[in-house]
C-alpha cells in the first residue's frame, strides 16, 4: 500500500508531505495507482521548483533502509509558510492533496480500496 502523509500546522498550512510504499495493484509498468501517485508527486515537485523557485526541498530514495520500499519527502521552507494560506506553495500543495484524496476515493470506489491511504498529521 502507498501511504501519503500530509504534515499540517496548527493554522492549517501544509508543511510538507511524505509518500512511501508500493500500491500492489499490478506489476510494474501496469500499475495505474502507482502511476497516478507518481504523477501527483512529480507535479508537486516540478510546480514548487518552477512556479515558486524552491530548491533543495525534497528527497527521493529508491528504497527506505528499514522497509525496502520507495520513499519521498517534500518539506515547505519556513519562509514560504510565513506567506500564509494565500502563498503560492499552499495553493500547489492544497491542489496536490486534493488529487491524492481523489485518487484514494477512486481506489476505494473502483479498485478495492487497499492500494493507497492518505493521512493528515498535525505538527
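In the working numbering, the protein residues as written are 52 to 174.
All residues carry an ideal CB built from backbone N, CA and C; glycine is no exception.
Quick one: give me the first and last residue of the alpha helix (DSSP H) that residue i is part of.
| i | result |
| --- | --- |
| residue 86 | 83-101 |
| residue 155 | 139-161 |
| residue 132 | 129-132 |
Short check: CB of residue i to CB of residue j, under 9 Å?
| i | j | result |
| --- | --- | --- |
| residue 58 | residue 173 | yes |
| residue 149 | residue 53 | no |
| residue 71 | residue 121 | yes |
| residue 69 | residue 56 | yes |
| residue 64 | residue 132 | yes |
| residue 166 | residue 76 | yes |
| residue 127 | residue 91 | no |
So residue i is in the beta strand (DSSP E); what residue range does that whole segment cover?
| i | result |
| --- | --- |
| residue 171 | 167-173 |
| residue 70 | 65-71 |
| residue 109 | 109-112 |
Among the candidates the options, whose CA atom is the shortest distance from the CA of residue i?
| i | options | result |
| --- | --- | --- |
| residue 157 | 63, 55, 87 and 69 | 87 |
| residue 130 | 151, 108, 78 and 166 | 108 |
| residue 85 | 151, 160 and 171 | 151 |
| residue 124 | 134, 146, 145 and 95 | 95 |
| residue 97 | 154, 113, 144 and 164 | 144 |
| residue 61 | 159, 136 and 78 | 136 |
| residue 170 | 162, 161 and 154 | 154 |
| residue 161 | 83, 79 and 113 | 83 |
Against chain B, does residue i count as a neighbour if the rule is that its beta carbon must be under 9 Å from one of theirs?
| i | result |
| --- | --- |
| residue 133 | Of the protein chains in the structure, only one exists, and it is not chain B. |
Assess contact between the region 129-146 and the region 98-115, defined as three or more Cβ pairs (one per stretch) separated by less than 8 Å. Is contact present? Cβ pair count under 8 Å is three or more, so yes.
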